[in-house]
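Student: This is the structure I want to talk about, given as structure tokens.
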Amino acid sequence: MLRSLSIEPEKCTGCLQCEMACSYENEGVFNPAKSRIKVFVFEREGRNVPYTCTQCADAWCKNACPTEAIQINAATGAKEINNGLCVGCKVCTIACPFGTVNYNHATGKVIKCDLCGGDPACAKACPTQAITFVDADWTGYSKMRNWAQRTDTQSSAQV
Amino acid sequence: MGWHKKVLRVNLTDGSCNAEPLNMRWASEYLGQRGLATKYLLEEIDPQVDPLSPDNKLIFATGPLTGTMASTGGRFSVVTKGALTGAIACSNSGGYFGAELKFAGWDMVIFEGRALSPVYLLIKDDSVELLPADDLWGRSVWETDEILHRRHQDPQLRIAAIGQSGEEGVLFACVVNDLHRAAGRSGVGTVMGSKNLKAIAVRGTQGVKVKDPARFMRVVNEKKQILAENAVTGQGLPTYGTQVLMNVINEVGALPTNNAADVQFAGASKISGEAMHEVRASDGKANLIANKACFGCTIACGRISRIDKTHYTVVNRPEYWGASGGLEYEAAWALGAATGVDDLEALTFANFVCNEQAFDPITFGSTLGAAMELYEMGLISDADTGGTALKFGSAEALTKMAELVGKGEGFGKILGLGSKRLCEKYGHPELSMSVKGQEFPAYDPRGIQGMGLTYATSNRGACHLRSYTVASEILGIPEKTDPLATEGKAGLVKAFQDATAAVDSTGLCLFTTFAWSLDDFQPQVDAACDGEWSLERLSEVGERIWNMERQFNLAAGFTGKDDTLPKRLLKDAAKTGPAKGRVNGLDQMLPEYYQLRGWDDAGVPTQETLSKLGL
């Protein structure tokens, strides 16, 4: 079963544990500046929104890459950067409509979410289940369930 | 590891900014943050210095676990000689600023001297510069935050600033970071203002490393699990924030009300955590809109609130219509019970103003309570207040005075002195609910006896965060003690004080101690920091810090005579509730406390105690 990250912003408290977990997993250091997932805090609305790559099926970044450095991991469905091929041209960062591929000046390569090889550290670190790793074909499952639970089909019959 | 081993020294007088190595011998004895910064301060300033003179220093200090993945690892402290108290001041804050400072590669920033004209410090990793802040002077924290973000075109800057109150010399001004987190007490923001330092803006990209990453991650995950499963840190605090306490403390008869004339407040439920969840009749929305975590925190006790747009405080003032930092328990008590005001929206507005202009809601609310008592006694007149009737229970008085204190204008200037000086001015020093010049917070020592000793002996003046025996006396953590008994409280207070001093030096949050003991901190510190950190060593660090702070205060001119409480708590019995008929039994606890501390009868650490602790 292919799985995807599912993000429910209303559960996010803005603690940034996900950013820390991501940077630790990928860079071996606690450093949100090197995280592939970012939490955006909208102060006046009181909202915190985690945001990262959604692993497009037909990925703009992959299509744009002139060196075929972005490859699909067949097991996880993740679009992964092959550092051996990446030349740091940043065309993928322009192509991505969502901004989730970014350049890392320290390495001269781009970085993006690779689903940690199928066990994303951000989802494991999230204390409120705002980020979960779920069946890719059913990312809407819990939302559907919540709405389903609110449906009161008995009231009219019982009146 | 844990530490970057790097201190930034900023001389505001000559404008120089220099990196220097962190004194690692001191780090091994005082760990970080509260302990280590206090050591630096004690070594570098004369404790008798005028807090507002250029000779005082102001230190922003992180702990070794700040900026790590340990839960709540986002704390920093502002350490200086307090403007309000003249005692050692150490105010702890969360938000994102502390971790960002650490990510920029700095354990600590030491400010010395005084700038000729207003400045702010911009830190981008190793690049550090002092920039003119003339155009920021006179602005609120919120405006300053917005201007600096726009000017530097960097949404990821984290900013700590003072508001107008700190510029105008309000003695309990604080430093507010990330718009609504505060290094709140003792007037650390006033010291910052006296140095003509408006703000610090920081962006860090270097990250933090720990000694043994694999072990650290394993331990950190175990400890996070404990927080998640604990009733207080896993349920009570996430659901109601610290406001979970309002009804509880009122019921046990320990909610100081109307300047501590009473110990129970009829309006408590209206300003409680439960009330913040209730849907308002006016707009169909609740006051509380979200929980908010500080950096790295898996508890998320912070509250985000929105004021009812039809409330008198914000009509036609859209700048207050957005979401911002909501009421926490101490603020709700001070702005509410201490003044007798039970209007939740008015309290929320006053709280917003405290954040916007950066002043301490505890001291403000308590000072206003004292002023209301003096007003009702006829000693403060409408002419003094500019026409506002300072009656207990008046929401209008609360919100009007909050705005005046925020700007340091009119009667706000007088309130800005704090209750000790205010009550002296009007001839009734006994009406100030303070110890060593600082107002006590939301627990009445007649109903919770250990808090009397806590307030009397707190090194930064009355404070709940130096030994939170409420945990034991009311909540039963780590074990239940009788809140009305004095027996055993001396030992309890000492144990809490020492453990707290150690916790405050790690970079983690004291609120974890509802679920964690020092045993839970120890493996996290040991996996992150150079050297071996045993439980014994951590405990000793705590006791060493407590005695060092005591030494600072003794050198500053305080004596054992200052380890006392307002007469009201010692002479006027509680009128209602479980503590009815009781006063605080400080005299039954203090001598034993001195003895357990290894201090003489005058409250001075003996030579033996000092040498045992390596002081």
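These protein sequence lines map, in sequence, to chains A and B.
So in our numbering, the last spot in the first sequence is 159, and the numbers never skip.
So in our numbering, the last spot in the second sequence is 615, and the numbers never skip.
Note that the Cβ used here is the ideal one computed from N, Cα and C, for glycine as well.
The ligand ZN heavy atoms versus the CB of residue 186 of chain B: any closer than 8 Å?
Tutor: For the ligand ZN, the structure offers nothing, since it holds no ligand at all.
Student: Any C-beta of chain A sitting closer than 9 Å to the C-beta of residue 140 of chain B?
Tutor: For residue 140 of chain B, the answer is no, since every Cβ of chain A falls outside 9 Å of its Cβ.
Student: Taking Cβ to Cβ, would you say residue 173 of chain A is nearer than 9 Å to residue 116 of chain A?
Tutor: Because chain A in this structure spans residues 1 to 159, residue 173 of chain A falls outside the shown range and cannot be described.
Student: If residue 338 of chain B and residue 256 of chain B are in contact, beta carbons under 8 Å, what's the gap, nearest whole angstrom?
Tutor: Sure, about 6 Å apart at Cβ, within 8 Å.
Student: Using the beta-carbon of each residue, which ones in chain A are nearer than 8 Å to residue 208 of chain B?
Tutor: Chain A residues near residue 208 of chain B: 29, 30, 31.
Student: Across which residues does DSSP place residue 30 of chain B in a beta bridge pair?
Tutor: DSSP output for residue 30 of chain B lists no bridge partner at all.
Student: Can you give me the start and stop residues for the alpha helix (DSSP H) that residue 496 of chain B sits inside?
Tutor: Where residue 496 of chain B is concerned, the enclosing alpha helix (DSSP H) stretches over 489-503.
Student: Quick one: measure Cβ to Cβ for residue 533 of chain B and residue 501 of chain B, integer angstroms, because I've assumed they're closer than 8 Å.
Tutor: Their Cβ separation, rounded to whole angstroms, is 15 Å, which puts residue 533 of chain B and residue 501 of chain B out of contact at 8 Å.
Student: Can the beta-carbon of residue 444 of chain B be found closer than 9 Å to that of residue 266 of chain B?
Tutor: For residue 444 of chain B and residue 266 of chain B, no; Cβs fall outside 9 Å.
Student: Where do the ends of the beta strand (DSSP E) carrying residue 10 of chain B lie?
Tutor: 6-11 is the span of the beta strand (DSSP E), which, as asked, contains residue 10 of chain B.
Student: With burial defined as no fewer than 16 other Cβ atoms inside 10 Å of the residue's Cβ, what is the status of residue 159 of chain A: buried or exposed?
Tutor: In this predicted model, residue 159 of chain A has a pLDDT of only 49, less than 50, meaning its place in the structure is not dependable enough to derive any value.
Student: Which residue wins for smallest C-alpha separation from residue 364 of chain B, given the options B:197, B:441, B:485, B:17?
Tutor: The candidate whose alpha carbon is nearest that of residue 364 of chain B is B:441.
Student: Using 9 Å as the threshold, is the C-beta distance between residue 185 of chain B and residue 84 of chain B below it?
Tutor: Closer than 9 Å, so yes.
Student: Identify whether residue 367 of chain B lies in helix, strand or coil by the three-state DSSP scheme.
Tutor: Here residue 367 of chain B sits in helix by DSSP.
Student: If you compare alpha carbons, which of B:432, B:577, B:436 is closest to residue 624 of chain B?
Tutor: Since the first residue shown for chain B is 1 and the last is 615, residue 624 of chain B is missing from the structure and cannot be characterised.
Student: Less than 9 Å separating the beta-carbons of residue 614 of chain B and residue 29 of chain B?
Tutor: In contact: residue 614 of chain B and residue 29 of chain B (Cβ atoms closer than 9 Å).
Student: Using the DSSP secondary-structure output, state which residues sit across from residue 599 of chain B in a beta bridge.
Tutor: The partner list for residue 599 of chain B (beta bridge, DSSP) reads B:605.
Student: Our contact map puts residue 642 of chain B next to residue 360 of chain B with C-beta atoms below 8 Å; I'd like the distance itself, whole angstroms only.
Tutor: Any property of residue 642 of chain B remains undetermined from this structure, which presents chain B solely from 1 to 615.
Student: Between the C-alpha atoms of residue 604 of chain B and residue 456 of chain B, what's the straight-line distance to the nearest angstrom?
Tutor: Their Cα atoms are separated by approximately 15 Å.
Student: Let me know the secondary structure DSSP gives residue 181 of chain B once reduced to three states.
Tutor: DSSP places residue 181 of chain B in strand when its eight states are reduced to three.
Student: What does residue 5 of chain A reach in chain B if we use C-beta pairs closer than 7 Å?
Tutor: Chain B residues near residue 5 of chain A: none, gap ~19 Å exceeds 7 Å.
Student: Beta-carbon of residue 139 of chain A versus every beta-carbon of chain B: anything under 9 Å?
Tutor: It does not; no Cβ of chain B falls within 9 Å.
Student: Taking just the CA atoms, how far does residue 15 of chain A sit from residue 427 of chain B?
Tutor: Between residue 427 of chain B and residue 15 of chain A, the C-alpha separation is close to 48 Å.
Student: Is the CB of residue 120 of chain A under 9 Å away from at least one CB in chain B?
Tutor: So, not an interface residue.
Student: Are the beta-carbon atoms belonging to residue 295 of chain B and residue 96 of chain B less than 9 Å from one another?
Tutor: Their beta carbons are under 9 Å apart, which means residue 295 of chain B touches residue 96 of chain B by this criterion.
Student: Is residue 476 of chain B near residue 164 of chain B, with beta carbons less than 9 Å apart?
Tutor: No; because the gap between Cβ atoms is not below 9 Å, this pair is not in contact.
Student: Compare the C-beta of residue 159 of chain A with all C-beta atoms of chain B and state if any pair is closer than 9 Å.
Tutor: With a pLDDT of only 49 at residue 159 of chain A, under the threshold of 50, the placement of this residue in the model should not be trusted, and no figure is reported.
Student: Please list the segments of the beta strand (DSSP E) lying wholly inside the segment 254-328 of chain B, counting only runs of 3 or more residues, in order along the chain.
Tutor: Within the segment 254-328 of chain B, the complete beta strand (DSSP E) runs of at least 3 residues are 288-292, 302-305.
Student: Could you confirm whether any beta carbon from chain A is found closer than 9 Å to the beta carbon of residue 96 of chain B?
Tutor: At least one chain A Cβ lies under 9 Å of residue 96 of chain B.
Student: Is residue 298 of chain B close to chain A, meaning its C-beta is less than 9 Å from at least one C-beta of that chain?
Tutor: Yes, because at least one Cβ of chain A sits closer than 9 Å to the Cβ of residue 298 of chain B.
Student: Measure the CB-CB distance between residue 334 of chain B and residue 307 of chain B and report whether it falls below 9 Å.
Tutor: Result no, Cβ atoms of residue 334 of chain B and residue 307 of chain B do not sit closer than 9 Å.
Student: Can you tell me whether residue 159 of chain A is helix, strand or coil according to DSSP?
Tutor: Note that residue 159 of chain A scores a pLDDT of 49, beneath 50, so its modelled location is shaky; the value from the coordinates is reported in the next line. Of the three classes helix, strand and coil, the one that applies to residue 159 of chain A here is coil, per DSSP.
Student: I believe residue 336 of chain B touches residue 271 of chain B by the beta-carbon criterion, under 8 Å. Please report the beta-carbon distance rounded to the nearest angstrom.
Tutor: Contact flag correct, Cβ pair sits at about 4 Å.
Student: Compute the Euclidean distance between the alpha carbons of residue 570 of chain B and residue 589 of chain B, then round it to the nearest angstrom.
Tutor: Approximately 13 Å, taken between the alpha carbons.
Student: Which one of B:424, B:67, B:487, B:480 has the shortest CA to CA distance from residue 452 of chain B?
Tutor: The shortest C-alpha separation from residue 452 of chain B is found at B:487.
Student: Work out the CA separation of residue 120 of chain A and residue 516 of chain B for me, nearest whole Å.
Tutor: Answer to the nearest angstrom: the Cα atoms are 28 Å apart.
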